[in-house]
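Student:
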Amino acid sequence: MNGIEVANLSLSILLALMTLLFIFRIVLTWYPQAELNRFPLNVIAVPTEPFLAPSRKIVPPIGGVDITPIIWVGICSLLREILVGQQGLLTMMMR
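Start counting at 1 in the sequence shown, then tack on 5, and there's your number in the numbering used here.
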């Protein structure tokens, strides 16, 4: 495996994992009383909060619902497609 293949695989796994964590955060927004600083919810909250906190300053809640996890799911999906998708940059560099 060369460096591009390792980067492709690593980014693919990382972006898929982050997308999954943001989807879990979307579900957690339905339960505002959930304690995000306690296990097992902190496993979801700790890696996603550094992305969500600055986003909340830019995008306010709509109808009391935090939509920033939805935005980050879209960003992660877009990055994954652009970088490691079937016609992604790293995929094309491997050919």
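C-beta atoms are modelled at their ideal positions from N, C-alpha and C, and glycine is treated no differently.
Values in this document were obtained by computation on a predicted structure and should not be read as measured data.
1) Roughly how many angstroms separate the alpha carbons of R100 and A58, rounded to a whole number?
2) Within its chain, find whatever has a CB closer than 6 Å to the CB of R61; leave out the 5 residues flanking it on each side and keep chain order.
3) Determine the burial state of W5: buried for a count of at least 16 other Cβ atoms within 10 Å of its Cβ, exposed for fewer.
4) Between I49 and the rest of its own chain, which residues show a CB-CB distance below 8 Å, the 5 nearest in sequence each way excluded?
5) With 16 as the cutoff for other CB atoms within 10 Å, does M6 come out buried or exposed?
6) CB L88 to CB L16, shorter than 8 Å?
7) Short of 7 Å in beta carbon distance, which residues of its chain neighbour A39, apart from the five on each side in sequence? Order them along the chain.
8) Distance, Cα to Cα, E10 vs T96?
9) Which same chain residues end up closer than 7 Å to S82 when comparing Cβ atoms and leaving out the 5 residues on each side of it in sequence?
Tutor: Once the coordinates are examined:
1) For the purposes of this step, residue 100 is taken as the residue at position 95 of the sequence shown. For the purposes of this step, residue 58 is taken as the residue at position 53 of the sequence shown. Each residue's alpha carbon lies about 39 Å from the other.
2) The residue given as residue 61 occupies position 56 in the sequence shown. If we look at R61 and ignore the five residues flanking it on each side, its Cβ neighbours are T73.
3) With the chain covering only 6 through 100, there is no way to say anything about residue 5.
4) The residue given as residue 49 occupies position 44 in the sequence shown. Only L26, F29, R30, L33, L41 meet the Cβ criterion.
5) Here residue 6 corresponds to residue number 1 of the sequence shown, with the count starting at 1. The residue is exposed, with fewer than 16 neighbouring Cβ atoms inside 10 Å.
6) Translated into the one-based positions of the sequence shown, residue 88 becomes position 83. Translated into the one-based positions of the sequence shown, residue 16 becomes position 11. Going by C-beta atoms, L88 is nearer than 8 Å to L16.
7) Within the sequence shown, numbered from 1, the residue matching residue 39 stands at position 34. So the qualifying residues of the chain are L33, L46.
8) Start at 1 with the first residue of the sequence shown, and residue 10 comes out as number 5. Start at 1 with the first residue of the sequence shown, and residue 96 comes out as number 91. Each residue's Cα considered, the two are about 8 Å apart.
9) Within the sequence shown, the letter at position 77 stands for residue 82. Answer for S82: T24, listed in chain order.
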